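Student: Under the numbering used here, the residue at position 392 of the sequence shown is numbered 442, and the numbers go up by one with no gaps. Ideal Cβ positions, reconstructed from N, Cα and C, are used throughout, including at glycine. Computed from a prediction, not measured in an experiment: that's the story for all the values here.
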Amino acid sequence: MEVKCNIRPAVMWKIVLFSGIIPLICACSYSGKRMCPSSDIPFPGHTLLAIAPDFTIKATEDTLNKTYPCLRSGKMFPVTGILKVDGKSYRFLGGDSLRISSLSPLSDENSEWQGKYSYLFPGRGWEQREYNDSLWNKGKGAFGSENGKFQAHTVWGAKNIYVRRHITIANKDTLKERKVYLRYIYDDQIKLYCNGEYLLGEEAFLPQTGCYRLTDETVAQIINGDNVIAAYGGNAEGTAFLDFGLYVENKTYADVKPAILKQMNMQTTQTYYVFQCGEVELLIDFVSPSLSEKWDMTGWPVGFLSYQIHAEDEKEHTVEILFDVDLEWLFGRSKVDSWCEQNWRFTKSDSLYLAIKANESTFSSEDGHVILSQKLSTKNEDKGALLIGYEEGQTLQYGGESLSPLWKKNGTGEIKELMKSVGDRWQELKEECDKQDCLWSVRAFQAGGKTFAGQMFSSYRDFISSHRFVLSSENKIFCFGDTLGNIREAYESFPTLLYFNRIDWMKSILDPIFEYCEDNHWVKRYPPYDIGLYPLINKQVKLDDNAVAVAADMLMMTAVIVEMEQDFSYADAHWNLLCLWADYLREKMEKDVYPCEGLLNEDDERVKCVLGLMAYRKLIQLKESV
Numbered sequence: 051m052e053v054k055c056n057i058r059p060a061v062m063w064k065i066v067l068f069s070g071i072i073p074l075i076c077a078c079s080y081s082g083k084r085m086c087p088s089s090d091i092p093f094p095g096h097t098l099l100a101i102a103p104d105f106t107i108k109a110t111e112d113t114l115n116k117t118y119p120c121l122r123s124g125k126m127f128p129v130t131g132i133l134k135v136d137g138k139s140y141r142f143l144g145g146d147s148l149r150i151s152s153l154s155p156l157s158d159e160n161s162e163w164q165g166k167y168s169y170l171f172p173g174r175g176w177e178q179r180e181y182n183d184s185l186w187n188k189g190k191g192a193f194g195s196e197n198g199k200f201q202a203h204t205v206w207g208a209k210n211i212y213v214r215r216h217i218t219i220a221n222k223d224t225l226k227e228r229k230v231y232l233r234y235i236y237d238d239q240i241k242l243y244c245n246g247e248y249l250l251g252e253e254a255f256l257p258q259t260g261c262y263r264l265t266d267e268t269v270a271q272i273i274n275g276d277n278v279i280a281a282y283g284g285n286a287e288g289t290a291f292l293d294f295g296l297y298v299e300n301k302t303y304a305d306v307k308p309a310i311l312k313q314m315n316m317q318t319t320q321t322y323y324v325f326q327c328g329e330v331e332l333l334i335d336f337v338s339p340s341l342s343e344k345w346d347m348t349g350w351p352v353g354f355l356s357y358q359i360h361a362e363d364e365k366e367h368t369v370e371i372l373f374d375v376d377l378e379w380l381f382g383r384s385k386v387d388s389w390c391e392q393n394w395r396f397t398k399s400d401s402l403y404l405a406i407k408a409n410e411s412t413f414s415s416e417d418g419h420v421i422l423s424q425k426l427s428t429k430n431e432d433k434g435a436l437l438i439g440y441e442e443g444q445t446l447q448y449g450g451e452s453l454s455p456l457w458k459k460n461g462t463g464e465i466k467e468l469m470k471s472v473g474d475r476w477q478e479l480k481e482e483c484d485k486q487d488c489l490w491s492v493r494a495f496q497a498g499g500k501t502f503a504g505q506m507f508s509s510y511r512d513f514i515s516s517h518r519f520v521l522s523s524e525n526k527i528f529c530f531g532d533t534l535g536n537i538r539e540a541y542e543s544f545p546t547l548l549y550f551n552r553i554d555w556m557k558s559i560l561d562p563i564f565e566y567c568e569d570n571h572w573v574k575r576y577p578p579y580d581i582g583l584y585p586l587i588n589k590q591v592k593l594d595d596n597a598v599a600v601a602a603d604m605l606m607m608t609a610v611i612v613e614m615e616q617d618f619s620y621a622d623a624h625w626n627l628l629c630l631w632a633d634y635l636r637e638k639m640e641k642d643v644y645p646c647e648g649l650l651n652e653d654d655e656r657v658k659c660v661l662g663l664m665a666y667r668k669l670i671q672l673k674e675s676v
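1) According to the Cβ coordinates, are L687 and F373 closer than 8 Å?
2) Please determine, among N536, F193, V520, the residue with the shortest C-alpha to C-alpha distance to F294.
3) May I ask you to report which of helix, strand or coil DSSP gives Q201?
4) Within the region 253-341, note down every full beta strand (DSSP E) run reaching 3 residues or more, in order along the chain.
5) Considering only C-alpha positions, which residue in the set T130, D512, D223, F336 is nearest to L143?
6) How big is the Cα-Cα spacing for Y323 and N300?
7) If you draw a straight line from the alpha carbon of P172 to that of Y212, how long is it in whole angstroms?
8) Short of 6 Å in beta carbon distance, which residues of its chain neighbour L672, apart from the five on each side in sequence? Order them along the chain.
9) Quick one: residues in its chain with C-beta nearer than 8 Å to the C-beta of L628, no 5 flanking neighbours on either side, listed in chain order?
10) If contacts are defined as beta-carbon pairs under 8 Å, then T428 and V369 qualify, I think. What distance do you get, rounded to the angstrom?
11) Pair every Cβ in the region 163-182 with every Cβ in the region 220-236, then say whether three or more of these pairs are closer than 8 Å.
12) Sort I559, I581, W555, D183 by Cα distance to C567 and report the nearest one.
13) Sorted by chain position, which residues of the same chain lie with C-beta nearer than 7 Å to I371's C-beta, five sequence neighbours on each side aside?
14) Using the Cα positions of E366 and Y231, report the straight-line distance between them to the nearest angstrom.
15) Which complete alpha helix (DSSP H) runs does the region 374-431 hold, if anything under 4 residues is left out?
16) Since G434 sits in a beta bridge, which residues does DSSP pair it with?
17) Determine the direct distance from the alpha carbon of H419 to that of I235, and round the result to whole angstroms.
18) Would DSSP call K668 helix, strand or coil?
19) Could you give the distance in angstroms between the alpha-carbon of L311 and the alpha-carbon of C261?
20) With 16 as the cutoff for other CB atoms within 10 Å, does E378 come out buried or exposed?
21) Buried or exposed, going by whether 16 or more other CB atoms sit within 10 Å of the CB of Y248?
22) If you draw a straight line from the C-alpha of E674 to the C-alpha of K658, how long is it?
23) Under the DSSP definition of a beta bridge, which residues are partnered with A632?
24) Where does C659 fall in DSSP's three states?
25) Starting from D237, follow the beta strand (DSSP E) in both directions and report where the run begins and ends.
Next comes the structure, spelled out in structure tokens:
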């Protein structure tokens with residue numbers, strides 16, 4: 051049944067413009083001399099490399115060498131970049147305290163620590179240093195289930211566990227002016243204390259090592275002799291695990307001089323920095339090829355850092371670039387694999403892959419610390435690349451079926467093969483990204499200036515870095531955020547995607563929602579707010595349906611796609627659902643009585659009903675014009 055709406059098209063589009071769905075259609079054409087304006091404004095927190103949702107590298111400062119970059123989760127990515135020029139070292143990436151020393155390390159497959167534990171609540175004061183735990187059970191950490199994901203040295207078979215770990219500090223002066231960290235892994239609940247002081251409490255499953263920096267006040271309470279780290283662990287269901295340890299920073303690069311930042315430029319697919327390192331200029335470029343339009347690389351979980359040197363005095367200099375990555379800090383595991391293949395030197399730890407050209411390069415690894423370096427020539431203005439790839443362990447599940455990542459559609463089954471493909475043509479990829487960046491920079495600057503350009507580039511990267519592209523059973527491309535098929539998030543992302551003319555991505559967001567409803571997984575007369583939480587597509591997660599908003603949003607987003615393509619086929623494929631949702635909005639407006647007080651805004655149900663029905667009217671007009 052089609053719902054007829056007597057609303058003038060001109061009014062409709064005014065309201066749609068007001069709603070924020072299509073504020074950005076203009077400014078998409080440019081003719082004239084090609085130039086590339088700079089968006090060199092500080093954007094702390096902007097995406098440096100869009101690799102995968104679980105491993106997207108973000109900037110934390112307006113420069114690279116004050117602090118370490120971080121992952122999308124907020125966890126620090128401990129990487130240091132050093133350029134050695136004629137025997138002098140200059141830090142262009144990361145901080146000065148990459149390496150850490152263990153005061154009392156986490157356990158692993160080959161080592162454990164001694165602790166005291168109790169399954170029953172010990173009473174008040176159990177977390178205090180002075181508490182008498184002489185009657186507690188003795189056990190080896192970590193504690194956990196027999197068949198859990200992590201290696202446990204003492205079986206924990208109860209719902210609760212209370213653990214006390216005694217740590218001897220010989221000389222607390224060694225902690226002065228150094229950061230002290232508590233690192234931990236748990237499943238499902240944890241509370242941590244240091245000498246009786248409450249530090250943190252979390253409830254979830256932490257598949258990677260968490261990190262908590264002790265405050266200066268807490269460190270001041272540490273004494274020479276016996277100290278106690280106490281932990282409570284709770285197991286709601288399934289497997290259980292509890293492990294924790296104390297660490298102190300080791301200022302390995304404290305004496306290295308920071309490089310001088312000369313320029314920073316953020317573009318659509320790249321962010322580059324220019325540093326002065328003595329007489330040598332260093333260009334570091336973070337390239338996300340998955341953002342490129344020309345290459346079929348959507349969803350490729352690979353990016354790279356390109357680097358090039360230039361001697362301003364035009365003299366020959368001895369130059370070496372070095373990348374130091376603490377993979378043990380990142381993953382809580384010290385095992386690192388390394389091999390050479392097709393002129394590339396690879397390293398792997400957990401799900402992270404790194405690669406650098408084998409020619410004139412060196413590799414070293416100790417206790418999970420990886421150092422990759424390469425000699426460079428100022429005479430030839432040498433250039434190179436550090437490849438970064440990441441493979442997420444979990445796959446999306448829909449109806450008992452695993453959905454394959456899009457990057458595997460050509461039969462590529464391993465990240466290293468994908469990285470070799472990128473590595474073999476990284477210069478070609480970069481040149482293509484340069485052209486695309488230049489085009490979009492000009493358009494963005496003409497549309498709204500430097501601030502607008504920076505915001506659009508950042509939003510574009512944030513989208514690709516927070517979404518997964520997979521193939522359905524019918525080889526359709528589906529796109530998901532962490533909350534799968536979240537209509538409100540999709541609605542918010544449409545202006546950015548529309549500006550960059552990513553109609554393909556817009557369809558890939560809506561397609562799984564349409565399919566979910568058409569396969570009778572959803573029987574209500576309006577769309578679901580979402581269709582699951584990563585990695586399971588099985589049910590709506592949000593308790594509140596937000597029925598009016600999501601129905602209107604789906605109608606508006608579909609109308610935008612049809613209008614941009616000037617082709618009704620996309621809406622026609624889902625016409626029954628669109629009519630059903632429009633009918634729901636019409637009945638909602640006729641049935642409900644809204645108060646005539648307060649200012650209207652785009653989230654007001656009255657406005658949402660009107661916007662949705664106007665979009666539906668537009669669809670009817672487009673349908674009739676075919």
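Tutor: Walking through what the data contain:
1) This structure gives no information on residue 687, because the portion of the chain shown stretches from 51 to 676.
2) Taking the first residue of the sequence shown as 1, we reach residue 294 at position 244. If we check each option's Cα against that of F294, F193 comes out closest.
3) Within the sequence shown, numbered from 1, the residue matching residue 201 stands at position 151. Q201 falls in the coil class under three-state DSSP.
4) Correct list: 260-263, 275-284, 291-299, 310-316, 320-327, 330-337.
5) In the sequence shown, residue 143 corresponds to position 93, counting from 1. Residue T130 is the option with its Cα nearest to L143.
6) Residue 323 sits at position 273 when you count from the first residue of the sequence shown. Residue 300 sits at position 250 when you count from the first residue of the sequence shown. If I take the Cα positions, the gap works out to 27 Å.
7) Sequence index remark: in the sequence shown, residue 172 carries index 122 (1-based). Sequence index remark: in the sequence shown, residue 212 carries index 162 (1-based). Distance between the alpha carbons of P172 and Y212 is about 8 Å.
8) In the sequence shown, residue 672 corresponds to position 622, counting from 1. Cβ within range, chain order: V612, F618.
9) By 1-based counting over the sequence shown, the position of residue 628 is 578. If you ignore the 5 residues before and after L628, its C-beta comes within less than 8 Å of the C-beta of M604, L605, T608, A621, Y666, L669, all in its own chain and listed in chain order.
10) As a working note, residue 428 is residue 378 in the sequence shown. As a working note, residue 369 is residue 319 in the sequence shown. About 6 Å separates the two Cβ atoms, so the contact holds.
11) Taking 8 Å as the limit for Cβ pairs, the verdict is that the region 220-236 does not touch the region 163-182.
12) Start at 1 with the first residue of the sequence shown, and residue 567 comes out as number 517. When each option's Cα is compared against that of C567, the closest is I581.
13) Residue 371 sits at position 321 when you count from the first residue of the sequence shown. L133, Y357, S423, Q424, L426, listed in sequence order.
14) Counting from 1 along the sequence shown, the entry for residue 366 is found at position 316. Counting from 1 along the sequence shown, the entry for residue 231 is found at position 181. For E366 and Y231, the distance between alpha carbons rounds to 43 Å.
15) 377-381
16) If you number the sequence shown from 1, residue 434 lands on position 384. G434 pairs with Y357.
17) Against the sequence shown, residue 235 aligns to sequence position 185. Against the sequence shown, residue 419 aligns to sequence position 369. C-alpha separation (whole angstroms): 20 Å.
18) Locating residue 668 in the sequence shown gives position 618, counting from the first residue. When secondary structure is reduced to three states using DSSP, K668 falls in the helix class.
19) Within the sequence shown, the letter at position 261 stands for residue 311. Within the sequence shown, the letter at position 211 stands for residue 261. Straight-line Cα distance between these residues: approximately 30 Å.
20) Your numbering for residue 378 matches position 328 in the sequence shown. Flag for E378 reads buried.
21) In the sequence shown, counting from the first residue as 1, residue 248 sits at position 198. Residue burial is scored here from C-beta neighbours: Y248 has fewer than 16 other C-beta atoms within 10 angstroms and is therefore classed as exposed.
22) Here residue 674 refers to the residue found at position 624 when the sequence shown is read from its first residue. Here residue 658 refers to the residue found at position 608 when the sequence shown is read from its first residue. Here the C-alpha atom of E674 lies approximately 24 Å from the C-alpha atom of K658.
23) Numbered from its first residue, the sequence shown carries residue 632 at position 582. Looking at the DSSP output, A632 shares a beta bridge with no other residue.
24) Within the sequence shown, the letter at position 609 stands for residue 659. The answer is helix: DSSP assigns C659 an H, G or I state.
25) Looking up residue 237 in the sequence shown gives position 187. Unbroken beta strand (DSSP E) run through D237: 230-244.
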